[in-house]
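Colleague:
Residue numbers (this note's numbering): 470 to 1239.
1. Bridge partners for residue 1004 per DSSP, in chain order?
2. Restricting to Cα atoms, I'd like to know which of 574, 599, 571 and 568 is closest to residue 556.
3. For the beta strand (DSSP E) that contains residue 970, what are its first and last residues?
4. Span of the beta strand (DSSP E) holding residue 1171?
5. Apart from the five residues on each side of it in sequence, which residues of its chain come closer than 6 Å, Cβ to Cβ, to residue 996?
6. Along the chain, where does the alpha helix (DSSP H) containing residue 891 start, and where does it finish?
7. Tell me the start and end of each unbroken alpha helix (DSSP H) in the segment 679 to 706 that is at least 4 residues and wholly inside, in chain order.
8. Taking contact to mean 3 or more Cβ pairs, one atom from each stretch, closer than 8 Å, check whether the segment 727 to 741 and the segment 753 to 771 are in contact.
9. At what residues does the beta strand (DSSP E) containing residue 729 begin and finish?
10. Note down, in chain order, each residue of its chain lying with its Cβ closer than 6 Å to the Cβ of residue 551, except the 5 sequence neighbours on either side.
11. Would you say residue 688 reaches chain B, if we count a Cβ-Cβ gap shorter than 8 Å as a contact?
12. Among the residues of its own chain, which have a CB less than 6 Å from the CB of residue 981, if the five just before and after it don't count?
13. Counting C-beta neighbours from all protein chains within 10 Å, is the total for residue 892 16 or more, i.e. buried, or is it exposed?
14. Following the continuous alpha helix (DSSP H) through residue 1213, name the residue where it begins and the one where it ends.
15. Spatial neighbours of residue 940 within its chain, please: C-beta separation below 7 Å, excluding the five flanking residues on both sides.
16. Can you tell which of 1227, 1163 and 1108 has the C-alpha that lies nearest to the C-alpha of residue 1152?
17. Please classify residue 796 as buried or exposed, where buried requires at least 16 other C-beta atoms within 10 Å of its C-beta.
18. Taking only three categories from DSSP, how would you classify residue 587?
19. Confirm, please, whether the CB-CB distance from residue 591 to residue 541 is below 8 Å.
20. Using the beta-carbon count (16 or more within 10 Å), is residue 480 buried or exposed?
21. Need the endpoints of the alpha helix (DSSP H) that residue 923 sits in, please.
22. Given that a residue counts as buried once 16 or more other Cβ atoms are within 10 Å of its Cβ, and exposed if not, what is residue 793?
23. When you compare the CB positions of residue 1144 and residue 1232, do they come within less than 8 Å of one another, or not?
24. Classify residue 473 as helix, strand or coil using the three-state DSSP reduction.
25. Could you check where the alpha helix (DSSP H) with residue 1129 kicks off and where it finishes?
26. Just to confirm the assignment, what range does the alpha helix (DSSP H) spanning residue 1186 have?
27. When the Cα atoms are used, what is the spatial distance from residue 652 to residue 719?
28. By the 10 Å Cβ neighbour count, where 16 or more other Cβ atoms means buried, how is residue 1129 classified, buried or exposed?
29. To the nearest angstrom, report how far apart residue 412 and residue 673 are at their CA atoms.
30. Can you check whether the CB of residue 685 is closer than 8 Å to the CB of residue 712?
31. Assign residue 1178 to buried or exposed, taking buried as 16 or more other Cβ atoms, counted over all protein chains shown, within 10 Å of its Cβ.
32. I'd like to confirm something about residue 681: is its beta-carbon nearer than 7 Å to some heavy atom of the ligand SAH, or not?
33. My output table needs one value for residue 899: the three-state DSSP class, helix, strand or coil.
34. Output the distance between the C-alpha atoms of residue 1213 and residue 1171, rounded to the nearest integer angstrom.
35. Mind checking residue 842: buried by the 16 CB within 10 Å criterion, or exposed?
36. DSSP state of residue 1161, grouped into three classes?
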């Protein structure tokens, strides 16, 4: 590998001879050496490993084909370049240069003649895992180095994968929930952490002390015998349970699984085990529970049976035998159908049971069945499939004799029917309510409320009230009374179906004393007619009282209003009787006129009294006809002026052209406007302007009479149109209190209205719309 040709140890020194012979001999020797060189180079190039040579300066002097294939550089690219720059990675370069320099200086090297595993730099920049062997080459006093390089990246990958796999398996083994030990030559060769935890020892203690240390002494012989058989190839159980004895005396049950495995070239046993102490305790508890339940089922008062999917008996308790009269020594029925009333009844019930089971529901019903002696009786039977998913597992049944209950139910049904008939024949409505909801109502209740029984039962009693507010308020009152007294009685106004309001006498009583939440019995009595009669009586009494008041006021008015003109007439008649022959004609005529005036005044008062009587008796006639409204109004104004000639009032009129005619009752219209104008004049003692305006508005005729007189107190305006009513501020101004009552009735006969505006001391304004 050094470029200098070495001397062959097999070449003999030249024999003495001629110079030509010497030259020829040397030529043969050189030729042989060159052939040897070519042979060695061919051998190196055919090697799979990389072979290279480096001189004392670290420069590459030889680079075989293996190196080209492995490191990517051709011989032409690699030779004459420093090895450290070409294939040594950056992270190793400094250490390489330092080591190479030290070797040149001291002649010692740490890497020479040793096999190293490091990384080399490929031409493409990747790192290759290699196995490196460096050796020193001596020749002609100069040192050079040779190197064999083997690509071990594939082996590295395999080793790494193997290590990763070992780590994964070790992690799995160490973290499984089961304990695992390997026993070889009666010693624990391997133990995972879970095995040590179950045994209450450390893995090191298990390997040092031995695998029998925690096994219960009574189980030692069993474990050793089965291990011997297993290692000898004999038959031995691979799964069984044994006990561990812990230091505190606690016994821990474990379930083990054992198999033979090779371990370090020899046979060993691999054992997996888990703590089954809790499972054993649960199994023991389950056994106890099953025994207890078996005892309970056997001594239950309810008959219990397990049937197969074909309805044959799998098991039944003593209570079932007693219910069906099966005594010791008698042959029990083999099939469920033998206990039914008939084959047809069994077929019908079996069909219903199958429907329930297919839907995942339990079957429950009252059935008429047959005892072993043939007698029929009633039972309630409930059955359920043992497994919804697997019908072949059969059904479980509970049976109770309810013959006595059925007899009581029949008696109760008869009694209930009788009571139902009594309740439905009652003359009062009866309901049973819970939380203010109808649970039951009788026929009379349906009749009174107008709702059907289907519309009432299950509904809230809110439907009898006009609104939620009334319903809630009534609920608070009745609940307080029921909690306090247990009963409640009052009169209520309810709504029938359709909205008709009726009066009811309501009475309620708690089913459980003072506990309305348990239910309340309510009775309803329709007292609408009685309330109407009472209202009529009260109205009649009020009318009678009003008539008495009217009578008193009429007597008071007539005694006052008639006394004055009668006194004047009497006085005038006495003057004429005693002094007429001595009186001047003018004075006598004046006295006679005063008599006539008094008579006219009394006649007007009698007319008004008779007119108000006609109004009260609803005998006032209304005869409208086409009327010249303006002419009529002018006549009424002239009459008012004539009747009160001494007044200081001035009457002004204003007539709208649109209101010149219309259909009116002229007689009643004279009453309306005549009274309003006379009152305006009478109650304006200081005089002033009085106006009468007639206009047409929205197709109706409007009459407005306004004065500037004493006015009307505001609080007395609502009573102004009552008969014989006179305002408190009229003083000694004469009047009967009938005029405005006649006005109001006359207006109403025309289908009109009358309104009043007044300010005391500033006058009043009456507006009549016809």
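Ideal Cβ positions, reconstructed from N, Cα and C, are used throughout, including at glycine.
Modeller: Reading from the atomic positions:
1. Walking along the chain shown from the start, residue 1004 turns up at place 535. In the DSSP secondary-structure assignment, residue 1004 is not bridged to any residue.
2. The residue given as residue 556 occupies position 87 in the chain shown. Residue 599 is the option with its Cα nearest to residue 556.
3. Translated into positions along the chain shown, residue 970 becomes position 501. Residue 970 -> beta strand (DSSP E) spans 970 to 981.
4. The count along the chain shown starts at 1 and reaches residue 1171 at position 702. Per DSSP, residue 1171 belongs to the beta strand (DSSP E) from 1169 to 1175.
5. To locate residue 996, count along the chain shown from 1; it is residue 527. If we look at residue 996 and ignore the five residues flanking it on each side, its Cβ neighbours are 972 and 974.
6. Looking up residue 891 in the chain shown gives position 422. 872 to 894 is the span of the alpha helix (DSSP H), which, as asked, contains residue 891.
7. Those alpha helix (DSSP H) runs which fall completely within the segment 679 to 706 and span 4+ residues are 686 to 700.
8. The segment 727 to 741 vs the segment 753 to 771: no contact.
9. Your numbering for residue 729 matches position 260 in the chain shown. Run containing residue 729: 720 to 732, per the beta strand (DSSP E) assignment.
10. Position 82 of the chain shown holds residue 551. Setting aside the 5 residues that flank it on each side, residue 551 is surrounded in the same chain by 527 and 528, each with a C-beta closer than 6 Å to its C-beta; the list follows chain order.
11. The chain inventory of the structure shown lacks chain B, comprising one protein chain alone.
12. Stepping through the chain shown from its first residue, residue 981 is reached at position 512. Excluding sequence neighbours, residue 981 sits near 987.
13. Counting from one through the chain shown, the residue named residue 892 turns up at place 423. Under this definition residue 892 is a buried residue.
14. Reading the chain shown from its first residue, position 744 is the one you call residue 1213. Run containing residue 1213: 1208 to 1218, per the alpha helix (DSSP H) assignment.
15. Working through the chain shown from its first residue, we reach residue 940 at position 471. Once the five neighbours on either side are set aside, the close Cβ partners of residue 940 are 931 and 934.
16. The sequence position of residue 1152 within the chain shown is 683, counting from 1. Nearest option by C-alpha distance: 1227.
17. The sequence position of residue 796 within the chain shown is 327, counting from 1. Exposed.
18. Translated into positions along the chain shown, residue 587 becomes position 118. Assignment of residue 587 by DSSP, reduced to helix, strand and coil, places it in the strand class.
19. The residue given as residue 541 occupies position 72 in the chain shown. The residue given as residue 591 occupies position 122 in the chain shown. In contact: residue 541 and residue 591 (Cβ atoms closer than 8 Å).
20. For the purposes of this step, residue 480 is identified with residue 11 of the chain shown, where counting begins at 1. Unreliable placement is indicated for residue 480, whose pLDDT of 46 sits below 50; no coordinate value is reported for it.
21. Counting from one through the chain shown, the residue named residue 923 turns up at place 454. That run of the alpha helix (DSSP H) goes 922 to 925.
22. Along the chain shown, read from residue 1 onward, the residue named residue 793 stands at position 324. Looking at its Cβ environment, which holds 16 or more other Cβ atoms inside 10 Å, residue 793 is buried.
23. Your numbering for residue 1144 matches position 675 in the chain shown. Your numbering for residue 1232 matches position 763 in the chain shown. Cβ distance not < 8 Å, so residue 1144 and residue 1232 don't count as in contact.
24. Counted from its first residue, the chain shown places residue 473 at position 4. Any reading at residue 473 is ruled out, since the residue's pLDDT is 40, under 50, leaving its predicted position unreliable.
25. On the chain shown, residue 1129 is found 660 positions in, with the first residue counted as 1. Neither: residue 1129 is in no alpha helix (DSSP H) and is coded neither H nor E.
26. Along the chain shown, one-based indexing puts residue 1186 at 717. No alpha helix (DSSP H) holds residue 1186; DSSP gives it neither H nor E.
27. For the purposes of this step, residue 652 is identified with residue 183 of the chain shown, where counting begins at 1. For the purposes of this step, residue 719 is identified with residue 250 of the chain shown, where counting begins at 1. C-alpha separation (whole angstroms): 25 Å.
28. Along the chain shown, one-based indexing puts residue 1129 at 660. Exposed, since its Cβ has fewer than 16 Cβ neighbours within 10 Å.
29. The structure shown does not extend to residue 412, since the chain is modelled only from 470 to 1239, so the question has no answer here.
30. By one-based count along the chain shown, residue 712 stands at place 243. By one-based count along the chain shown, residue 685 stands at place 216. Yes. Within cutoff.
31. Walking along the chain shown from the start, residue 1178 turns up at place 709. Its Cβ being crowded by 16 or more others within 10 Å, residue 1178 is buried.
32. Among the components of this structure there are no ligands whatsoever, and the ligand SAH is therefore not found.
33. Sequence index remark: in the chain shown, residue 899 carries index 430 (1-based). Strand, per DSSP.
34. If you number the chain shown from 1, residue 1213 lands on position 744. If you number the chain shown from 1, residue 1171 lands on position 702. Answer to the nearest angstrom: the Cα atoms are 15 Å apart.
35. Start at 1 with the first residue of the chain shown, and residue 842 comes out as number 373. With fewer than 16 other Cβ atoms within 10 Å, it is exposed.
36. For this step, residue 1161 is matched to residue 692 along the chain shown. Three-state DSSP puts residue 1161 in a strand.
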